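FYI, in mature numbering (1 follows the signal peptide of the UniProt record, and there is no 0) the residues of the sequence shown are -27 to -1, 1 to 342.
No residue lacks a Cβ here, since even glycine has one placed at the ideal position from N, Cα and C.
As the structure is a computational prediction, the values presented were derived from the model and not from experiment.
What follows is a single structure, written as structure tokens, with notes after it.
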Amino acid sequence: MSLRTLSTGTALVTGLIALAVPAAAQAAPNCDPRVSSSVNEELTERFGTYGDTAGRWTGADSAYSVPLPDGSIAWIYSDTFLGEVDANHGRPQDSPFVHNSIVVDDDGELTTYTGGTASAPESLVKVAGADETQRWYWFGDATVEGDSLRVMLLEFVKTGTGVFDFAFAGNAVATFDTGDMSLTGVTELPESTINWGSAFYEDPSDGYTYVFGVEDLQAHKYAHLARVPSGELTTSAWEYFNAGVWGTTSGRILEGVSNEFSVTRYQGRFTLVTGDATEPLSAKIVAYRASSIEGPYTGKTVLYTTPETGGNVFTYNAKAHPELGNGHRLLITYNVNSFNTGDLYTEVDNYRPRYVDVSVKFPHARPCR
């Protein structure tokens, strides 16, 4: 309602007039998030220099991270190349290769932890009694309980002769001493078809550790959710979310996630960051948001498009690292690989994580919520 003076010919009518503007004439609110991104040069240089010169870690995938009690950061890796980098920035064909490792970043000083010895390295955690060419553990997300680092284990078995011929076989939890990364135990988890450990979320307000997993049907991947009281990851106190309630079985909460992703609080909402598994070999890293940990996760937003994707090279398993970002910026990593294994030896960067800073400004106007 406003005070206006209107003229019609020579007649003046003064009064309080309600101006009704047709809905079609109103400008639609811009509800698109504004995204900016840039390569994190500090971590790119730190891990690049270390991989090129240290004679230990030269590249890996997964790349979860967790703060340790002393303030350092443990980087949790699955398949890992070790050894030297040659003069052409490639890997020798006899480079050591293990299925899991940890690199601790102590204020820029990096240390690689594997099993075996420096001259004959092995995976940090091996399936008891198994031939690692046929049965192995990959690492999932991790958390600290007291002085112990708990890392989710995903067991896989070889199903054929091809590089990608393998199948999920079960879950376990590895426990490490945070002081020296020595393995102190492996706890088997109940049999499940869900790849648990895709992401953790610690909620100090309710005393739970939330564990996300993936129902992997190859062409279709669905996120599932479980929880356990904080500090009890290796106990039987797991509960599973299904159709709005917590109980003994889990249900699908989101389609289109990669096997590894992240869930964190970002700008006041739960934010799930993942590679876009709704598209084959997608270069897109996307985010979904929710008002509660259980979802629903909606508002799919493209955060970044990986420039490496194309030809034989593909990218995968994007995730955010909240302890390395801030309230406005997310640090996101993703993995790079190739369907041509020769590419991994020709150029070391074809098998190294990437580090990207992403900032998103979400609209807050009521029509956009």
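- Task: Please name the residue in G315, N313, Y328 and D80 whose C-alpha comes closest to that of Y307.
- Result: For the purposes of this step, residue 307 is identified with residue 334 of the sequence shown, where counting begins at 1. With distances taken between Cα atoms, Y307 lies closest to Y328.
- Check whether L122 and A115 have beta carbons under 8 Å apart: Against the sequence shown, residue 122 aligns to sequence position 149. Against the sequence shown, residue 115 aligns to sequence position 142. Result yes, Cβ atoms of L122 and A115 sit closer than 8 Å.
- Message: Measuring only the C-alpha atoms, how far is V(-7) from P6?
- Response: Stepping through the sequence shown from its first residue, residue -7 is reached at position 21. Stepping through the sequence shown from its first residue, residue 6 is reached at position 33. Legend: pLDDT at V(-7) = 47, less than 50; position of this residue unreliable, value from coordinates given subsequently. Spanning the two alpha carbons is a distance of roughly 27 Å.
- Message: Residues in the same chain with beta-carbon distance under 7 Å from Y261, minus the five sequence neighbours each way, listed in chain order, please.
- Response: Taking the sequence shown and counting its residues from 1, the one referred to as residue 261 is at position 288. Around Y261: L227, L245, Y270, T271, G272 and K273.
- Message: Rounding to the nearest angstrom, what Cα-Cα distance links L198 and Y183 in this structure?
- Response: Residue mapping note: residue 198 aligns to position 225 of the sequence shown, counting from 1. Residue mapping note: residue 183 aligns to position 210 of the sequence shown, counting from 1. Spanning the two alpha carbons is a distance of roughly 7 Å.
- Could you have a look at A(-4) and say whether DSSP puts it in helix, strand or coil? The residue labelled residue -4 in the question sits at position 24 within the sequence shown. For A(-4), the predicted model reports a pLDDT of 49, less than 50, meaning its position is unreliable; a value from the coordinates is still stated below. Helix, per DSSP.
- Query: If you draw a straight line from the alpha carbon of T160 to that of M154, how long is it in whole angstroms?
  - Reply: Here residue 160 refers to the residue found at position 187 when the sequence shown is read from its first residue. Here residue 154 refers to the residue found at position 181 when the sequence shown is read from its first residue. Roughly 17 Å separates the two Cα atoms.
- Query: At a cut of 8 Å, does the stretch 171 to 191 reach the stretch 96 to 106 through at least three beta carbon pairs?
  - Reply: no
- Message: Assuming contact is defined by CB atoms lying nearer than 8 Å, are Y37 and F112 in contact in what I supplied?
- Response: Here the question's residue 37 lines up with position 64 in the sequence shown. Here the question's residue 112 lines up with position 139 in the sequence shown. Contact flag set, yes.
- Counting only the same chain and skipping the five closest in sequence on each side, list residues whose C-beta sits under 6 Å from that of R108. As a position in the sequence shown, residue 108 is number 135, starting the count at 1. Within the same chain, R108 has close Cβ partners V100 and V130.
- Burial state of A(-4) (16 or more Cβ within 10 Å): Taking the sequence shown and counting its residues from 1, one reaches residue -4 at position 24. Because A(-4) carries a pLDDT of 49, less than 50, the predicted location of this residue cannot be relied on, and no value is offered for it.
- Item | Extent of the continuous beta strand (DSSP E) run through G272 | Within the sequence shown, the letter at position 299 stands for residue 272. Counting along the chain, the beta strand (DSSP E) containing G272 begins and ends at T271 to T278.
- Task: Measure the Cβ-Cβ separation of I167 and G143 and say whether it is below 8 Å.
- Result: The residue given as residue 167 occupies position 194 in the sequence shown. The residue given as residue 143 occupies position 170 in the sequence shown. The answer is no: Cβ separation not under 8 Å.
- Limits of the unbroken beta strand (DSSP E) element including G186: Translated into the one-based positions of the sequence shown, residue 186 becomes position 213. Here the beta strand (DSSP E) through G186 covers Y181 to D189.
- Message: Only counting the same chain, and skipping five residues up and downstream in sequence, which positions put a Cβ closer than 6 Å to that of S96?
- Response: As a working mapping, residue 96 is identified with position 123 in the sequence shown. Cβ neighbours of S96 beyond the five flanking positions: V71, H72, N73 and G88.
- Query: Taking the alpha carbon of E164 as the point to measure from, which residue in T157, S209, G204 and G152 has its own alpha carbon closest?
  - Reply: The sequence position of residue 164 within the sequence shown is 191, counting from 1. The candidate whose alpha carbon is nearest that of E164 is S209.
- Cβ shell of D150 (< 6 Å), same chain only, five flanking positions each side left out: Position 177 of the sequence shown, counting from 1, holds the residue named residue 150. Closer than 6 Å at Cβ, skipping near neighbours: T157.
- When DSSP builds the beta bridges, which residues end up paired with H197? Position 224 of the sequence shown, counted from the start, is the residue given in the question as residue 197. H197 pairs with G186.
- Starting from S121, follow its DSSP beta bridges and name the residues at the other end. Residue mapping note: residue 121 aligns to position 148 of the sequence shown, counting from 1. DSSP output for S121 lists E118 and D150 as bridge partner(s).
- Under 8 Å between C-beta atoms of L55 and S35: Sequence index remark: in the sequence shown, residue 55 carries index 82 (1-based). Sequence index remark: in the sequence shown, residue 35 carries index 62 (1-based). Their beta carbons are not under 8 Å apart, which means L55 does not touch S35 by this criterion.
- Give me the Cα-Cα distance between A47 and V77, rounded to the nearest whole angstrom. Within the sequence shown, the letter at position 74 stands for residue 47. Within the sequence shown, the letter at position 104 stands for residue 77. Going by the C-alpha atoms only, they are around 4 Å apart.
- Query: Taking Cβ to Cβ, would you say V222 is nearer than 8 Å to Y213?
  - Reply: Here residue 222 refers to the residue found at position 249 when the sequence shown is read from its first residue. Here residue 213 refers to the residue found at position 240 when the sequence shown is read from its first residue. Per the sequence shown, the amino acid found at residue 222 is Thr instead of Val. Going by C-beta atoms, T222 is nearer than 8 Å to Y213.
- Query: Under a Cβ-count criterion, where at least 16 other Cβ atoms within 10 Å of its own Cβ denotes burial, should S265 be classed as buried or exposed?
  - Reply: In the sequence shown, residue 265 corresponds to position 292, counting from 1. By the 10 Å Cβ count, S265 comes out exposed.
- Message: According to DSSP, simplified to helix, strand and coil, what is L254?
- Response: Within the sequence shown, the letter at position 281 stands for residue 254. Coil, per DSSP.
- Item | P253 classed as buried or exposed, judged by whether at least 16 other C-beta atoms fall within 10 angstroms | As a working mapping, residue 253 is identified with position 280 in the sequence shown. Answer is exposed; the Cβ neighbour count stays below 16.
- Spatial distance of V146 from C4 (CA atoms): For this step, residue 146 is matched to residue 173 along the sequence shown. For this step, residue 4 is matched to residue 31 along the sequence shown. So the alpha carbons of these two residues sit roughly 42 Å apart.
- With a CB to CB cut of under 8 Å and the five nearest residues on each side skipped, what residues in its chain are close to R19? Translated into the one-based positions of the sequence shown, residue 19 becomes position 46. So the list reads D78, G81 and L83, once near-sequence residues are dropped.
- Query: Is L303 buried or exposed, if buried means 16 or more other CB atoms sit within 10 Å of its CB?
  - Reply: In the sequence shown, residue 303 corresponds to position 330, counting from 1. L303 should be labelled buried.
- Whole-Å CB distance - Q240 paired with F335, under 8 Å assumed: Walking along the sequence shown from the start, residue 240 turns up at place 267. Walking along the sequence shown from the start, residue 335 turns up at place 362. So it is a contact: roughly 6 Å between Cβ atoms.
- Item | Under 8 Å between C-beta atoms of G224 and N232 | Numbered from its first residue, the sequence shown carries residue 224 at position 251. Numbered from its first residue, the sequence shown carries residue 232 at position 259. No.
- Query: Any idea what DSSP makes of G143, helix, strand or coil?
  - Reply: Numbered from 1 along the sequence shown, position 170 holds the residue referred to as residue 143. Reduced to three states, the DSSP call for G143 is strand.
- For T84, write down the residues that DSSP places opposite it in a beta bridge. Counting from one through the sequence shown, the residue named residue 84 turns up at place 111. BP columns for T84 point to V77.
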